[in-house]
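Enquirer: Residue numbers (this note's numbering): 438 to 552.
#1: Quick one: what does DSSP say residue 488 is sitting in, helix, strand or coil?
#2: Taking one C-beta from the segment 488-498 and one from the segment 507-524 each time, how about it: are there three or more such pairs within less than 8 angstroms?
#3: Out of curiosity, what's the CA-to-CA distance linking residue 524 and residue 502?
#4: Grab the span of the beta strand (DSSP E) containing residue 496 for me, first residue to last.
#5: Assign residue 516 to one of three DSSP states: helix, strand, or coil.
#6: Looking at the strands, I want to know which residues DSSP matches up with residue 542.
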């Protein structure tokens with residue numbers, strides 16, 4: 438089994454050290470298939486207590502791989518995904534290209550700590 442340990446990145450603009458989780462998510466993307474996606478859809482639906490998110494919006498702050506953003510889209514939600522790690526943003530974009538729909542899914546870089 439491969440190791441998916443985060444590595445420390447250079448500090449951001451305010452000197453706060455960050456971890457480069459995105460590199461791990463890019464490797465994880467090779468493991469994503471319809472079975473794993475179906476498990477994420479069932480997991481998200483179960484956690485939210487509903488199987489239909491049509492007419493709702495889903496904000497995935499710190500989206501990582503984007504797998505739960507994709508699950509929300511498959512449940513019918515309009516999705517906004519963001520992450521401060523640009524590799525995570527790229528991973529989510531790749532997941533969308535392979536398995537999702539670009540309409541109704543906005544993917545961007547960002548930080549929940551931004552003011």
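Using N, Cα and C, we set each Cβ at its ideal position, and we do this for glycine too.
Because the structure is a prediction, the values reported are computed rather than measured.
Expert: In short, the structure shows the following:
#1: Counting from 1 along the chain shown, the entry for residue 488 is found at position 51. Here DSSP, grouped into helix, strand and coil, assigns residue 488 to coil.
#2: yes
#3: Position 87 of the chain shown, counted from the first residue, corresponds to residue 524. Position 65 of the chain shown, counted from the first residue, corresponds to residue 502. For residue 524 and residue 502, the distance between alpha carbons rounds to 9 angstroms.
#4: To locate residue 496, count along the chain shown from 1; it is residue 59. Residues 494-498.
#5: Locating residue 516 in the chain shown gives position 79, counting from the first residue. Residue state, collapsed to three classes: strand.
#6: Along the chain shown, read from residue 1 onward, the residue named residue 542 stands at position 105. DSSP output for residue 542 lists 516 as bridge partner(s).
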